[in-house]
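Engineer: Chain order of the listed sequences is A and B.
If you read the first sequence in this note's numbering, its first letter stands for residue 1, the second for the next number, and so on.
If you read the second sequence in this note's numbering, its first letter stands for residue 626, the second for the next number, and so on.
Note that beta-carbon positions come from the ideal geometry of N, C-alpha and C, so glycine has one too.
None of the values given here were measured: they were computed from a predicted structure.
One structure, as structure tokens, below. Some questions next.
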Amino acid sequence: MVRRVGVWTVSALVLALAVAALAVLWSLRTDRPQPRSAVLERLAPLPPPEARALPAASAARAEEGQWTMPLGDYAATRFSALDQIDAGNVSELRPVFTFDTGIAKGHEAAPLVVGSTMYVVTPFPNIVYALDLTRPGNPLKWAFRPRPLQRAQGVACCDVVNRGAAFAGGRIFFNTLDGQTIALDAETGREIWRTRLGNIDIGETLTMAPLVAEGRVLVGSSGGEFGVRGWLAALDASSGALLWKAWSTGPDSDVLIGPDFRPFYASERGRDLGVTTWHPEGWKLGGGTAWGWISYDPDTRLIYYGTGNPGPWNPDQRPGDNKWTAGLFARDLRTGQARWFYQSSPHDLFDHDDVNESILLDIPVGGRRRPVLVRPGRTGFMYVIDRFTGQVLAADPYAHVNSIRRIDLRTGRPQYAPEKAPRSGRVVRDICPASPGGKDWNPSAFSPRTGLIYVPHLNLCMDHGITEANYIAGTPYLGAESRMHAGPGGHRGVLTAWDPVARRPVWRIREDLPLWSGALATGGDLVFYGTMDGLFKAVDARSGRLLWQYQLNSGTIGQPVSYRGPDGRQYVAILAGVGGWSGAIVSGALDKGDPTSALGFVNAVRDLPARTDAGGRLYVFALPR
Amino acid sequence: MSSPFRAEAIMLALLALAGCHRETRDYRSDAMKAAERGAAFEDNAFHIAQGQRLYAWMNCAGCHAHGGGGMGPPLMDDEWRYGGRMEQIAATILDGRPNGMPSFRRRVTEDQAWQLAAFVRALSAQPRQDALPGRADEPRNTEPMTLDERKPIRPVTAKSDDASEE
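Set out below in structure tokens:
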């Protein structure tokens, strides 16, 4: 009897051990997504008030409480002074209404709020919705369907995204994927004019949000992966007529380089560099699209915008500096004439478009405030550039970089690490940052209350090889293959709070997935951003501490905004809907069996389909009444 | 001596000959013919290898990567927007499709389109292993044999022969 009990005990023990072992094995399965939680690091003290950067006074927001352009104001601060929602009450923030766009592609746009109407522009087919904020349920006021050409979807490099509309003078201006700029009556949704600027049959699309200043609508082309020749155009806001068009390659007369052009560095001076820094005729397929952000300084009437990667990606096929691609232009808004240029990636090696936002700030230097623009570049460096002269005052890495050793401030030129330069037909391992850069298009926020720039960015490296590219009009002109993977630490996204005066990070949140959403800073000392698995977060602008988060229906790559509703309350809005280059594996149902899918991005986000679904939805949050 | 009926006889003979011609009747539908043509290309080592070269030259990889997709849909999964049979893929390549697939009609010949289709099918279906090319048209770190230095040929001596026999 005693012996039998012993047998039972032993077999129960064996069974328990087997179950435990199975459980351990199950948890070790590698294909099961195992989200890492975000990790906060505090690195430096906050800047004291006298050593804080301030936004350029001339470009600061005129109408507090509204959101009339994706970047919030001409200085590109993405700051809302509204302070009803703060660290003390943000935990009570909850959704007050949602609106489905019915489109399962990447939603990168910022909702706009003007008066008592909210405007949302969707990815292809680029529908504009106007929602009435005064009535219960926020019903649809009007919808405008531009009916872009179907085949435009085939020449959209990185999902069929749209980065938002712009409001000015009672009109909504936006771009369609198939190359049109359209002006609508903001009240009725009636079309006022449309101008076709891009030719999709050679791969020219429009994805950027226009900037409207002094009656001019500024629009830049997309399609740098198709061997197009990039440009920035200014249209008359009243009629849609073309006022000027500045090409990014070619002779000076095309680039609008004239007697006013005074670049700081010697390598940007010379006649027709847009032709002579290329192999013969190379500039005609040279890229340099202007698909990113434009800032505007009303004091000097200068606009600042960056140019994209040169074509093709394979650098061996385009010897020379490849001007005026992968650099930053300052131009006169009225004439389009270039004032200065700074090339962050001469003879770009890694698809490092220079189209990221330029935040116009005045920073204390030697007892006085100096007008600068600060930009987190694709190269992984944070550039501080004099707004008037184009001189690079500082360039410090904010992401992990091994492809550039340093940036020589005497010449402005990066010193490429030769061991990371692409080689024909071979694979170069662990190039950091990868082709989307230290940070891609998604805009940062700046808070004058803390003096910090909040940069949502990436921690990705890649294995990269180049092959010969053939030019066939309307097909990709690349000649490169990549496989991306997480950089050091294993996380793929980072939110960095950067002090542009002390030139160092103050705190940093490591996020598991790539950060592809924009950031928003508010007067309540909060920073909002979202993750690709759909967590919309609010963190303390001073410490980085997570204060609130909300699970959205889909990963977000959108741009959060804040506004005051007709009832006087503060609201926060964001579009969910995963996609874009980083989320194409979900929105395009790509196959993770091929690590080179989506130009190599799929290899870095193979777990994403298990963590989020596609589907566009607008969320608006507020505190309980 | 010529017969007065000679010309008429020749005419009659010709007419009789003409009467031998019958209209040809096609008992195979276009679909059957296309399937036969597809079968001639599919799982054929030469055609798949040619298709792989064309896949790189025609920038297919720019949109479809090595089958996983990107700007264009994946080709290695089991979903086909416009049909996954050989003749449907060849038609997609030659004529294009409305959601962005361009037409390659004047860029490749019809046979080359079929070769491309054979390669595309080899990406998705389970192809015959003995038909797949051994060459990978993508950057990699193994030295191509053609760049390998020629190894010196050592003369075979009696001694080394002896050694090998030991």
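Give me the residue from GLY169(A), ALA168(A), VAL155(A), PHE174(A) with the minimum Cα distance to ASN162(A).
Structural biologist: PHE174(A)
Engineer: Starting from ASP86(A) and walking both ways along the beta strand (DSSP E), at which residues does that stretch end?
Structural biologist: Premise fails: ASP86(A) is in no beta strand (DSSP E) and is neither H nor E.
Engineer: When the cut-off is 8 Å and only beta carbons count, does THR30(A) lie next to chain B?
Structural biologist: Confidence at THR30(A) is low in this model, with a pLDDT of 48, below 50, so the placement of that residue should be treated as unreliable; the coordinate-derived value is given next. Taking Cβ atoms only, chain B never reaches closer than 8 Å to THR30(A), which makes this a no.
Engineer: Just by C-beta distance, which residues in the stretch 753-764 of chain B are closer than 7 Å to chain A?
Structural biologist: GLU763, PRO764
Engineer: Please decide whether ASN470(A) counts as near chain B, where near means a Cβ-Cβ distance under 8 Å.
Structural biologist: yes
Engineer: Could you name the residues of chain B that LEU478(A) contacts, counting a contact when the two beta carbons are closer than 9 Å?
Structural biologist: ASN684, ALA686, GLY687
Engineer: Which residue wins for smallest C-alpha separation from ASP178(A), given the options ALA589(A), GLN150(A), VAL506(A)?
Structural biologist: GLN150(A)
Engineer: Using 8 Å as the threshold, is the C-beta distance between ASP525(A) and ARG542(A) below it?
Structural biologist: yes
Engineer: Quick one: does GLN153(A) have its CB under 8 Å from some CB of chain B?
Structural biologist: The beta-carbon of GLN153(A) is placed less than 8 Å from the nearest beta-carbon of chain B.
Engineer: Can you list, in chain order, the residues of the stretch 643-675 of chain B whose Cβ is nearer than 9 Å to any Cβ on chain A?
Structural biologist: Residues: none.
Engineer: What ranges does the beta strand (DSSP E) occupy inside the stretch 470-535 of chain A, keeping only unbroken runs of at least 3 residues that lie completely in it?
Structural biologist: You should have 480-486, 493-499, 504-511, 520-522, 526-530.
Engineer: With C-beta atoms as the reference, is VAL374(A) less than 8 Å away from ARG52(A)?
Structural biologist: no
Engineer: In the DSSP assignment, find the alpha helix (DSSP H) that holds GLN737(B) and state where it starts and stops.
Structural biologist: 735-749
Engineer: Could you tell me the distance, in whole angstroms, from the CA atom of ASP348(A) to the CA atom of ALA156(A)?
Structural biologist: 21 Å
Engineer: Here's the rule I'm using: 16 or more other beta-carbon atoms within 10 Å means buried, otherwise exposed. How should PRO476(A) be labelled?
Structural biologist: buried
Engineer: Which stretch, first to last residue, makes up the alpha helix (DSSP H) that contains ARG196(A)?
Structural biologist: ARG196(A) -> not in any alpha helix (DSSP H); beta strand (DSSP E) instead, spanning 191-196.
Engineer: Rounded to the nearest angstrom, how far is the Cβ of ARG464(A) from that of VAL428(A), given a contact under 8 Å?
Structural biologist: With the sequence shown as reference, residue 464(A) is identified as His, and Arg is not the correct amino acid for it. Right, their Cβ atoms sit about 5 Å apart.
Engineer: So ILE778(B) is in the alpha helix (DSSP H); what residue range does that whole segment cover?
Structural biologist: Boundaries cannot be given for ILE778(B), as no alpha helix (DSSP H) includes it and DSSP labels it neither H nor E.
Engineer: How about LEU700(B) and SER749(B): are their beta carbons less than 8 Å apart?
Structural biologist: yes
Engineer: Taking Cβ positions, are ARG78(A) and PRO443(A) nearer each other than 8 Å?
Structural biologist: It is a contact, given that the beta carbons lie within the stated cut-off.
Engineer: Kindly indicate if chain A contains any beta-carbon less than 8 Å away from that of ARG746(B).
Structural biologist: no
Engineer: Do GLU667(B) and ALA743(B) come within 8 Å of each other at the CB atom, strictly closer than that value?
Structural biologist: yes
Engineer: Secondary structure at PHE261(A), three-state DSSP: helix, strand or coil?
Structural biologist: coil
Engineer: For VAL605(A), which residues in the same chain have their Cβ closer than 6 Å to its Cβ, ignoring the five residues on either side in sequence?
Structural biologist: Closer than 6 Å at the Cβ level, and outside the excluded window around VAL605(A), lie ILE585.
Engineer: So that I know if they touch, is there some Cβ in chain B lying closer than 8 Å to that of VAL602(A)?
Structural biologist: yes
Engineer: For the putative contact between VAL572(A) and PRO560(A), defined by C-beta atoms under 8 Å, what is the C-beta separation to the nearest angstrom?
Structural biologist: 6 Å
Engineer: Residues in the stretch 573-598 of chain A with C-beta within 8 Å of chain B's C-beta atoms, listed in sequence order?
Structural biologist: Using a CB distance below 8 Å, the part of the stretch 573-598 of chain A facing chain B consists of ALA584, GLY588, ALA589, LEU590, ASP591, LYS592, GLY593, ASP594, PRO595, THR596, SER597, ALA598, ordered along the chain.
Engineer: Going by DSSP, what residue range makes up the alpha helix (DSSP H) through GLN713(B)?
Structural biologist: Segment 711-720, the alpha helix (DSSP H) holding GLN713(B).
Engineer: Would you kindly work out how many angstroms separate the C-alpha atoms of GLY615(A) and VAL365(A), rounded to a whole number?
Structural biologist: 47 Å
Engineer: Mapping the DSSP letters down to three states, classify ASN553(A) as helix, strand or coil.
Structural biologist: coil
Engineer: Find the nearest neighbour of VAL160(A) within the set TYR119(A), ILE192(A), TRP193(A), LEU206(A), judged by alpha-carbon distance.
Structural biologist: LEU206(A)
Engineer: When you compare the CB of VAL427(A) with every CB in chain B, is at least one pair closer than 8 Å?
Structural biologist: Yes, contact with chain B.
Engineer: Using a Cβ cut-off of 7 Å, pull out every chain A residue sitting near ASP702(B), in sequence order please.
Structural biologist: Chain A residues near ASP702(B): ASP591.
Engineer: Using the Cβ count rule (16 or more neighbours within 10 Å means buried), how would you classify ASP31(A)?
Structural biologist: Interpretation of ASP31(A) is limited by its pLDDT of 48, a score under 50 that renders its predicted location unreliable; no figure is taken from the coordinates.
Engineer: On the DSSP bridge assignment, give the partners of ASN175(A) in chain order.
Structural biologist: THR181(A)
Engineer: Taking CB distances under 8 Å as the criterion, tell me whether ILE466(A) reaches chain B.
Structural biologist: yes
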